[in-house]
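Going left to right, the sequence shown walks through residues 14 to 203 as our numbering numbers them.
Think of the CB as a built atom: it goes at the ideal place given N, C-alpha and C, for glycine as much as any other residue.
Shown next, in structure tokens, is the structure this report addresses.
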Amino acid sequence: MAKSENNEVMYGARGKVGNLLVFKNFGSNQTVIAKRPKKTENPVYSAKQLEAKLKFREAVVYARGVINNPALLAVYQLLAKPGTSAYNLALADYCKAPEISVIDADNYQGQIGEQIRVRAIDNFGLTEVKVSIYDAADLLLESGLATQSANSVDWFYETTTLNSSLAGTKITAEAKDTPGNTTLETLVIV
């Protein structure tokens, strides 16, 4: 694969040349010359490959929607680095769900006004983190949105209901990103 940057002769060239070469443009000033990829006739896909193809198809629809939404496009363009378009960033954001690494309930004793910390990250950013508390019988005691801290990775939820029996209590954190990907993690207090 050859790269051509700021070349006046090759600038803007794209497409295939015969059955040998393909010209691709990346960023505002880079042209890549590559061997033409070969396609297999009648490929057989595994279940995981079909799932990945569907996810990517959905990601393309989402990225096109971002391009057609001026407000969302502006947000993605703000975070796009040189050589990466807002479209590519939106595509990557759709394909990667948020991660929850910690549900910290060390300060939770079942009283009102106590804080539960959730550490959650995403490759682009989170829109919300929801915390739900269930008793040992799996009945919902309370649920609400956590508040993002200044470090942008920790979210704090302040309890609003008294919980007299901590043993078996389940604390569930749900993180959601801009495309709507959600991740759920549960902590059981023993």
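Non-local C-beta neighbours of alanine 149 in its own chain, meaning closer than 7 Å and more than five positions away in sequence, comprise Ser178, Ala180, Gly181, Thr182, ordered along the chain.
Alanine 105 is not a Cβ neighbour of tyrosine 89, given a cutoff of 7 Å.
Under the three-state reduction of DSSP output, aspartate 151 falls in the coil class, being neither helix nor strand. Under the DSSP definition of a beta bridge, leucine 158 partners with Lys143. Non-local C-beta neighbours of valine 201 in its own chain, meaning closer than 6 Å and more than five positions away in sequence, comprise Lys183, ordered along the chain.
The alpha carbon of threonine 140 has as its nearest neighbour, out of Ser165, Leu91, Thr191, Ala76, the alpha carbon of Thr191.
DSSP places alanine 186 in the strand class (E or B) of the three-state scheme.
Taking 7 Å as the cut-off, the Cβ atoms of alanine 26 and valine 35 do not count as close.
According to the DSSP secondary-structure assignment, aspartate 119 is paired through a beta bridge with no residue. Between valine 144 and alanine 133, the C-beta spacing is not below 7 Å. The straight-line gap separating the alpha-carbon atoms of asparagine 194 and glutamate 71 is approximately 12 Å. In the DSSP assignment, glycine 28 falls within the beta strand (DSSP E) that extends over 28–30. The three-state secondary structure of phenylalanine 36, taken from DSSP, is strand.
In the DSSP annotation of this structure, the continuous segment of the alpha helix (DSSP H) that includes glutamine 90 starts and ends at 83–92. The three-state secondary structure of arginine 70, taken from DSSP, is helix.
Going by DSSP, alanine 163 is part of no alpha helix (DSSP H) at all; its letter is neither H nor E. As DSSP reads the structure, tyrosine 170 sits in a beta bridge with Ile129. Per DSSP, the continuous alpha helix (DSSP H) segment holding alanine 99 begins and ends at 99–108. With a cut-off of 8 Å on Cβ pairs, the region 119–132 is in contact with the region 161–179, counting three or more such pairs. Look at alanine 47 here: in three-state DSSP terms it is strand.
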